[in-house]
Each structure stands twice: as C-alpha cells, then as structure tokens.
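J.: With positions in the sequence shown counted from 1, the corresponding number in my numbering is that position plus 7. This is the structure, below, for whatever I ask next.
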Amino acid sequence: MKKLSMEQRGALLVMFPLTCQIIFVVFLTAQLWSIHSNIVKQSRSCELITKTISLIGYSINLGYLNNQPQYFMPSNHRRLATVTKDQRLFAVLNDKLHQISSRPEPDELQRNRIEALVRAGQDTIQCLTELRDNQQKGWQYWKHVHENYEMALIFACNRLLNAADNVVQYEEAKRQGSEEATNAQFQNLNTILLGAISLTVVAAFVMAAFYIRDILIPLKHLSANCMRLSKQEELLPVLADGGEFAAIDSILHGIRIATIEEQEREKSMVENTNDLICTLDRDGKFLRANASTVQFFGEEPESIAGKSFLDFVEVEDRGEAQKSFNDALSQESSMSFEFRILCNGEPVHTRWSCLYSRETQELFAVVHNIEQEKVVEKLKQDFVDMVSHDLRSPLSSMQVVLDMIEQGAYGELSEGVHKEVKGALRNLDRLLEFVNDLLDFQKLKQGALQLECDNASVESMVQASLDFVRPALQAKNIEIEVSGDEFELWCDPKKLTQLFTNLIANAIHYTPNEGQISIAWRPIQDQLEISVSDTGPGIPEEYRKKIFEAFEQTPDAVSKGEGTGLGLAICKLICDAHHGSISVQSEVGKGSKFMVSIPTTQVEKQA
Numbered sequence: 008m009k010k011l012s013m014e015q016r017g018a019l020l021v022m023f024p025l026t027c028q029i030i031f032v033v034f035l036t037a038q039l040w041s042i043h044s045n046i047v048k049q050s051r052s053c054e055l056i057t058k059t060i061s062l063i064g065y066s067i068n069l070g071y072l073n074n075q076p077q078y079f080m081p082s083n084h085r086r087l088a089t090v091t092k093d094q095r096l097f098a099v100l101n102d103k104l105h106q107i108s109s110r111p112e113p114d115e116l117q118r119n120r121i122e123a124l125v126r127a128g129q130d131t132i133q134c135l136t137e138l139r140d141n142q143q144k145g146w147q148y149w150k151h152v153h154e155n156y157e158m159a160l161i162f163a164c165n166r167l168l169n170a171a172d173n174v175v176q177y178e179e180a181k182r183q184g185s186e187e188a189t190n191a192q193f194q195n196l197n198t199i200l201l202g203a204i205s206l207t208v209v210a211a212f213v214m215a216a217f218y219i220r221d222i223l224i225p226l227k228h229l230s231a232n233c234m235r236l237s238k239q240e241e242l243l244p245v246l247a248d249g250g251e252f253a254a255i256d257s258i259l260h261g262i263r264i265a266t267i268e269e270q271e272r273e274k275s276m277v278e279n280t281n282d283l284i285c286t287l288d289r290d291g292k293f294l295r296a297n298a299s300t301v302q303f304f305g306e307e308p309e310s311i312a313g314k315s316f317l318d319f320v321e322v323e324d325r326g327e328a329q330k331s332f333n334d335a336l337s338q339e340s341s342m343s344f345e346f347r348i349l350c351n352g353e354p355v356h357t358r359w360s361c362l363y364s365r366e367t368q369e370l371f372a373v374v375h376n377i378e379q380e381k382v383v384e385k386l387k388q389d390f391v392d393m394v395s396h397d398l399r400s401p402l403s404s405m406q407v408v409l410d411m412i413e414q415g416a417y418g419e420l421s422e423g424v425h426k427e428v429k430g431a432l433r434n435l436d437r438l439l440e441f442v443n444d445l446l447d448f449q450k451l452k453q454g455a456l457q458l459e460c461d462n463a464s465v466e467s468m469v470q471a472s473l474d475f476v477r478p479a480l481q482a483k484n485i486e487i488e489v490s491g492d493e494f495e496l497w498c499d500p501k502k503l504t505q506l507f508t509n510l511i512a513n514a515i516h517y518t519p520n521e522g523q524i525s526i527a528w529r530p531i532q533d534q535l536e537i538s539v540s541d542t543g544p545g546i547p548e549e550y551r552k553k554i555f556e557a558f559e560q561t562p563d564a565v566s567k568g569e570g571t572g573l574g575l576a577i578c579k580l581i582c583d584a585h586h587g588s589i590s591v592q593s594e595v596g597k598g599s600k601f602m603v604s605i606p607t608t609q610v611e612k613q614a
C-alpha cells in the first residue's frame, strides 16, 4: 500500500475530526430544529385551546347577564351598570372571535372546524344581540317573546359548545402527539450524544495511534539523527517508509557524508599549509597544532602539547608577547600581534592572528612567518630614506637652478631654450610632487605622522584649499559652489586642508572646461559629512573601491600618464587617522561625489 504524503497525513489529521464534527453539528441542528417545531406546535395548540375556552366562558357570562331582571328597571342604577358590563363583554367576545379567525392554520380539517366555531360564535353573538334589543323594549313586550329567544339562545350555545369541543379535542390530540414526539426526540438526542462521545473517544485513540506511528516516531528518529549529526556521531539507519521523513533522513545522511568529506579536506589543508594553526588554553599552553610545528619549532605536534608558547618566544619579546596574549583573551573579536620566535635557535618574525572562544575557553591562533615581509619593509624604508635624502635634495637644487635660468639670471634665453626650460620645470615639479606624496603616504601608512589637533573652522580650511587650486580653476573656467554653516571641528587643520586640496584638485582634473564643482558640509549626529561633487566622466563601478589604494588609477588617468596614484590613498589615510571614513558615489557620464565623514568629538592625537 502506498504511503500517505505529509500533506495527506496532515489533511487526514485535520479533515477527519472536522468532518465528523460537521456531520454531528448538522444532525444535532436538525434534531433541535425538529424539537423546536414540535414545541411551537404544542404552544400553538395550547394557545388555541385557551382562546376557545375563553370564548365559551365569555359567551356564558354574556348569556347569563342578559337574563337578569335589571334590564327591566329603567331608573335603577344596577341596570346602568349591567348595560355597561354587557357592552364590554360584547366587545371582548368579538375580539376573541377575531383572534381565533385571523390565526393562520395550515391544517385544512382544523381550519374547517375553526371556521365552524367562528360561525357558531357569530350566531351566538347575533342571538344575544337580538335578545338584548328586545329586552330593552320593556317587560310587556318581552314576556310575550322571551320563550322563542331563549330557545334560540340555547340552540346557538349548543352549536358553539359542539364546535368548541371539536376544536379543543383535535388540538389536544395534536398537542399530545407533538409532546410524545418531542419526548422521543429528546431520547434520541441523548442516545446521539452518548454515541458521539463514544465515537469521539474511539476516533481520538485511532488518530493518536496514527499520529504516533506515522509522525511522532519518524520525528523522534529525525531528532535523534540531528542530535547525532551535531555531535558528529554515527547516524541511525535511514527510515524505510519511503515518505517525506525518509527523504529528510536521507538528506541528513548525505550531510553527514559531506561533512566527513569536508572535514577530511579541511584537515588536509590544515596539515599541509605553511602557517602554524594551533589552539592554546588560558595559560598559553598548546592543546592542538598542525604539522607546521616542525617548520616553526623543530618539534612534532605531539611533543609541544602542554608546553607554553612563551618557551618558543625570543627572550626579549616575551614581555610583549604575554601582554598581547592577555589582550587577546579579553577581546570578543580577533586581533593580531607580532613577535619573534626561536626557530632552530634563530629568531624569526611571526604574526599571530588570534580569536578567543569563551564557550570552549580556548584561543585559536594562526601563526604566519613574516620574515620576508620584514625584509621588504626594510627595503621600502631604505628606499624612502634614499628618496628623502639622496633624491629630494638634488631635485630641489635643480628646481632652484632652473628657476634662475628661466628668469634670466644667467642671461637672456632664446625662445626655444626658454620653452625647453619651462618644460623641464613642469616635469621637475611633477617629480617633486610625487616624492612629497610618497613621503607623506609612507609616514601616514606607518603611523609616524603626528597629528596636531585643534578646533578649526571647516569653512577656513575649504577656502585655504581653494586658494591652492585657484589657478587651475581659473584656467578651466570652472564654477565652484560652496555651502555649509559655520562649524568648528577638532582635527589637524593642515592634514584636513591637504585632504580637501587633494579632493578638489582631483575634481578639477576630471571636470571639463566650464564645468561645476560643489563642496558642502553638514553635521549628522556625531559626524561631520563633507562632500565634493564634480561633473566629470564618472568612475566605473569596478574601480570605486580600488581608487583609495596606493598607485591605483582609472584607465583614463593611466592612459594620459597623469597623477601619482597617491592622492586619494593619502586622503583615506588622513581620514583613518581622524577615525573617519571616505567613500565615493559615481555614475558613468554624470560625475562623481566623494564623501568624507569625520567624528565631531575630540580624538586623541595619533602617532
């Protein structure tokens, strides 16, 4: 037999009891409606019987009243009272007949009986009316005719009583029948309720068994396998019912197999990497490590377990290494620090990237050999020193000499020579600019540049930057728009002026003749946002992040051989030194917008 799907099982668990409840409610409603109908019929029968008996009573009272001697006493007050009562009884009797005759009656036989009752009542009223009228003519007249009217009244009353008896007997029979049917229906209702309760109990046990067999047991199986999977234990066998639970269980087994394979690959990668990967306890003792311990420490991973990492640290660096280790234990994020270790007795520079887990109380570390990086850094520093001492001074001297030659200090120059000297000065200026940018970049990169912070007017720094680049603005006839309220910022005014100058110069460089540059600033919460917008060609998306790196330029700038590729990198370093940020928004063909964000709160001077 084909197994039910999860949707079918869920539908069965919901629809079966719901359908049973609907059937029970419909049947119960029908029974109650039938009982209600019978009760209504009983009520109608009782009402008709009551009205009929009341009609007979009023007729008897009226007949009795009209046979009293007060009618023959013209001046007697009792006669006046009798006449008044007589009139009221006639009105009530007519009203009773109207109520009975206007009552709807679906039973045709009973309707005929009611019509006969109404006619008999009307005849009785007519007879009583004539009797009363003749009585009012006086005793002399009445004593000759009273026997005829009395006989007519007796006949009319007998007809009325017979008609009333027919109606009452029929309605009483109907009432008793409805009452018996109602009692039987109440008995049936009790039986139905007991049966429904019994069936509900049986259905509940059946559904519970179905739920336990087809849902609960598979769910417990899946839960156990999930727990085993989380603990990396062997899983229980795959469910054999072929349904959705079995499919999920198969997926779990597939995940288990994939996890084992991935762990094997990761283990292979860890074992074969050149970096040392290890875990340490809170005391700095090695717990686990990969095979790179042989390369770093000259020992096997098993032999260093339980040893302190300080045993392998250069003696001079142990104090700093212990401090860095303690800092890593107190950090919630990863941190890096550098110190030298002893590798086969020789000191080697290493960089430790560490992350402490509070759950396992272990420090995970990746140790990288940076000996080559240190060599490269030394070469860079030697190059910077060479540029500073051996290249910058001669270039400055050459600039002074060429300036003197260009100004005619050594005699008048021909037009061709003057042109060549001016070209040499331009190239020399570019070279000096490159050297100065390189020195600034290197100092900022190494953190060797001291910030001299003070409260400075943003508008004054922007105007100072515009003064530096004003000749270039005038040469290209570029319109400058400056907007922003007076605001004082805690910063290094010289470095921030340099940042503004670089950004504005960059905007001028890419803005076409008669273009527009906008400079704006505004405080936003605890930050000052400064923006420099141009109407240049824009920056392709793939270069918008790279342009803040050293020597990175757009293809257009590279093809023209313009710029040093350090201006925006220096801007980023200045922002970083002020705990700020820099970003760019650009659309090709519509220009660029550089945005700088600097904290408005005081920051410590950066070394």
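We put the beta carbon where it would ideally sit given N, CA and C, even for glycine. Quantities reported herein were computed from a predicted structural model and do not represent experimental measurements.
Would you call the segment 29–38 and the segment 199–206 in contact, with 3 or more CB pairs under 8 Å?
T.: The answer is yes - the segment 199–206 touches the segment 29–38, with three or more Cβ pairs under 8 Å.
J.: Taking 7 Å as the limit between beta carbons, can you name the residues of its chain near residue 405, skipping five residues before and five after?
T.: The count along the sequence shown starts at 1 and reaches residue 405 at position 398. Cβ neighbours of residue 405 beyond the five flanking positions: 435.
J.: Within this structure, are the beta carbons of residue 293 and residue 350 separated by less than 9 Å?
T.: The residue labelled residue 293 in the question sits at position 286 within the sequence shown. The residue labelled residue 350 in the question sits at position 343 within the sequence shown. Taking 9 Å as the Cβ cut-off, residue 293 and residue 350 do not qualify as a contacting pair.
J.: Over what stretch of residues does the alpha helix (DSSP H) that includes residue 480 continue unbroken?
T.: Counting from 1 along the sequence shown, the entry for residue 480 is found at position 473. Here the alpha helix (DSSP H) through residue 480 covers 465–483.
J.: From residue 596 to residue 547, what does the alpha carbon distance come to, in whole angstroms?
T.: For the purposes of this step, residue 596 is identified with residue 589 of the sequence shown, where counting begins at 1. For the purposes of this step, residue 547 is identified with residue 540 of the sequence shown, where counting begins at 1. For residue 596 and residue 547, the distance between alpha carbons rounds to 10 Å.
J.: Based on the DSSP secondary-structure assignment, which residues constitute the bridge partners of residue 357?
T.: Translated into positions along the sequence shown, residue 357 becomes position 350. According to DSSP, which records beta bridges pairwise, residue 357 is partnered with 346 and 376.
J.: Note down, in chain order, each residue of its chain lying with its Cβ closer than 7 Å to the Cβ of residue 525, except the 5 sequence neighbours on either side.
T.: Here residue 525 is taken as the residue at index 518 of the sequence shown, counted from 1. 488 and 540, listed in sequence order.
J.: Between residue 378 and residue 592, what straight-line distance do the alpha-carbon atoms span, to the nearest angstrom?
T.: To locate residue 378, count along the sequence shown from 1; it is residue 371. To locate residue 592, count along the sequence shown from 1; it is residue 585. Going from the Cα of residue 378 to the Cα of residue 592 covers about 40 Å.
J.: Starting from the Cα of residue 347, find the closest Cα among 335, 196, 318 and 45 and give me that residue.
T.: Residue mapping note: residue 347 aligns to position 340 of the sequence shown, counting from 1. Residue 347 has its Cα closest to that of 318, out of 335, 196, 318 and 45.
J.: Could you check if residue 81 is buried or exposed, using at least 16 other CB atoms within 10 Å of its CB as the buried criterion?
T.: Indexing the sequence shown from 1 puts residue 81 at position 74. Caution applies to residue 81, whose pLDDT of 48 falls short of 50 and renders its modelled position unreliable; the value that the coordinates give is listed next. Label assigned to residue 81: exposed.
J.: Exposed or buried, residue 212, counting other C-beta atoms within 10 Å across all chains shown (16 or more means buried)?
T.: Within the sequence shown, residue 212 is the residue found at index 205, counting from 1. Classification of residue 212: exposed, given that the 10 Å Cβ count is below 16.
J.: If you count every other CB in all the chains shown that lies within 10 Å of the CB of residue 468, and 16 or more means buried, which is it?
T.: Along the sequence shown, read from residue 1 onward, the residue named residue 468 stands at position 461. Burial call: buried.
J.: Under 8 Å: do the segment 501–510 and the segment 464–481 share three or more Cβ pairs, one atom per stretch?
T.: Judged by Cβ distances under 8 Å, the segment 501–510 makes contact with the segment 464–481, as three or more pairs qualify.
J.: Using DSSP's beta-bridge definition, name the partner residues of residue 371.
T.: Position 364 of the sequence shown, counted from the first residue, corresponds to residue 371. Note: residue 371 sits in a beta bridge opposite 286 and 362.
J.: Might you give, ordered along the chain, the residues of its own chain that have their beta carbon closer than 6 Å to the beta carbon of residue 471, omitting 5 neighbours on each side?
T.: Position 464 of the sequence shown, counting from 1, holds the residue named residue 471. Same-chain partners within the cutoff: 504.
J.: Whole angstroms is fine: what's the gap from residue 103's alpha carbon to residue 131's?
T.: For the purposes of this step, residue 103 is taken as residue 96 along the sequence shown, with counting starting at 1. For the purposes of this step, residue 131 is taken as residue 124 along the sequence shown, with counting starting at 1. Going from the Cα of residue 103 to the Cα of residue 131 covers about 13 Å.
J.: Between residue 485 and residue 515, which are expected to be in contact by the criterion C-beta below 8 Å, what is the C-beta distance as a whole number of angstroms?
T.: Along the sequence shown, read from residue 1 onward, the residue named residue 485 stands at position 478. Along the sequence shown, read from residue 1 onward, the residue named residue 515 stands at position 508. Confirmed, Cβ separation roughly 6 Å.
J.: According to DSSP, simplified to helix, strand and coil, what is residue 443?
T.: Looking up residue 443 in the sequence shown gives position 436. The answer is helix: DSSP assigns residue 443 an H, G or I state.
J.: Between which two residues does the beta strand (DSSP E) harbouring residue 598 extend?
T.: The sequence position of residue 598 within the sequence shown is 591, counting from 1. Where residue 598 is concerned, the enclosing beta strand (DSSP E) stretches over 598–606.
J.: Use the C-beta contact count for residue 521: other C-beta atoms within 10 angstroms, 16 or more gives buried, fewer gives exposed.
T.: Numbered from its first residue, the sequence shown carries residue 521 at position 514. Exposed, since its Cβ has fewer than 16 Cβ neighbours within 10 Å.
J.: Where does residue 130 fall in DSSP's three states?
T.: Here the question's residue 130 lines up with position 123 in the sequence shown. In the structure shown, residue 130 sits in a helix (DSSP, three-state: H, G or I).
J.: Where do the ends of the alpha helix (DSSP H) carrying residue 331 lie?
T.: Taking the sequence shown and counting its residues from 1, one reaches residue 331 at position 324. Where residue 331 is concerned, the enclosing alpha helix (DSSP H) stretches over 325–337.
J.: I'd like to know if the segment 134–142 and the segment 36–50 are in contact, where contact means that at least 3 CB-CB pairs between them fall below 8 Å.
T.: Cβ pair count under 8 Å is below three, so no.
J.: Can residue 171 and residue 62 be called in contact, C-beta distance under 9 Å?
T.: For the purposes of this step, residue 171 is taken as residue 164 along the sequence shown, with counting starting at 1. For the purposes of this step, residue 62 is taken as residue 55 along the sequence shown, with counting starting at 1. Contact flag set, yes.
J.: Taking the Cβ atom as the reference point for each residue, do residue 510 and residue 603 lie within a distance shorter than 9 Å?
T.: To locate residue 510, count along the sequence shown from 1; it is residue 503. To locate residue 603, count along the sequence shown from 1; it is residue 596. For residue 510 and residue 603, yes; Cβs fall inside 9 Å.
J.: What distance in whole Å lies between the Cβ atoms of residue 243 and residue 262, which are believed to be in contact at a cut-off of 8 Å?
T.: For the purposes of this step, residue 262 is identified with residue 255 of the sequence shown, where counting begins at 1. For the purposes of this step, residue 243 is identified with residue 236 of the sequence shown, where counting begins at 1. With 8 Å as the limit, residue 262 and residue 243 do not qualify as a contact, their Cβ atoms being about 14 Å apart.
J.: Residue 568 by DSSP, collapsed to three states: which one?
T.: The count along the sequence shown starts at 1 and reaches residue 568 at position 561. Bear in mind that a pLDDT of 48 at residue 568, under 50, signals an unreliable position, so the model cannot answer this.
J.: Among 46, 337, 512 and 21, which residue has its Cα nearest to the Cα of residue 190?
T.: What you label residue 190 is simply residue 183 of the sequence shown in a count that begins at 1. Of the listed residues, the one whose Cα sits closest to residue 190 is 46.
J.: Among 545, 24, 608 and 182, whose alpha-carbon lies nearest the alpha-carbon of residue 209?
T.: As a working note, residue 209 is residue 202 in the sequence shown. The shortest Cα separation from residue 209 among 545, 24, 608 and 182 belongs to 24.
J.: Just mark residue 599 as buried or exposed, buried being the case when its beta carbon has 16 or more other beta carbons within 10 Å.
T.: In the sequence shown, residue 599 corresponds to position 592, counting from 1. That one is buried.
J.: Are there 16 or more other CB atoms within 10 angstroms of the CB of residue 53, so buried, or fewer, so exposed?
T.: Here residue 53 refers to the residue found at position 46 when the sequence shown is read from its first residue. So residue 53 counts as exposed.
J.: May I ask whether a heavy atom of the ligand NAP can be found less than 8 Å away from the beta carbon of residue 248?
T.: Looking at this structure, you won't find the ligand NAP or any other ligand, since it has none at all.
J.: So, with DSSP's three-state summary, where would you put residue 551?
T.: Here residue 551 corresponds to residue number 544 of the sequence shown, with the count starting at 1. Note: residue 551 maps to coil in three-state DSSP.
J.: Cβ of residue 576 within 9 Å of Cβ of residue 557?
T.: Taking the first residue of the sequence shown as 1, we reach residue 576 at position 569. Taking the first residue of the sequence shown as 1, we reach residue 557 at position 550. In this structure, residue 557 lies closer than 9 Å to residue 576 by Cβ.
J.: From which residue to which residue does the beta strand (DSSP E) around residue 523 run?
T.: In the sequence shown, the residue the question calls residue 523 occupies position 516. Segment 523–531, the beta strand (DSSP E) holding residue 523.
J.: Within its chain, find whatever has a CB closer than 8 Å to the CB of residue 173; leave out the 5 residues flanking it on each side and keep chain order.
T.: If you number the sequence shown from 1, residue 173 lands on position 166. Here the set comprises 120, 123 and 124.
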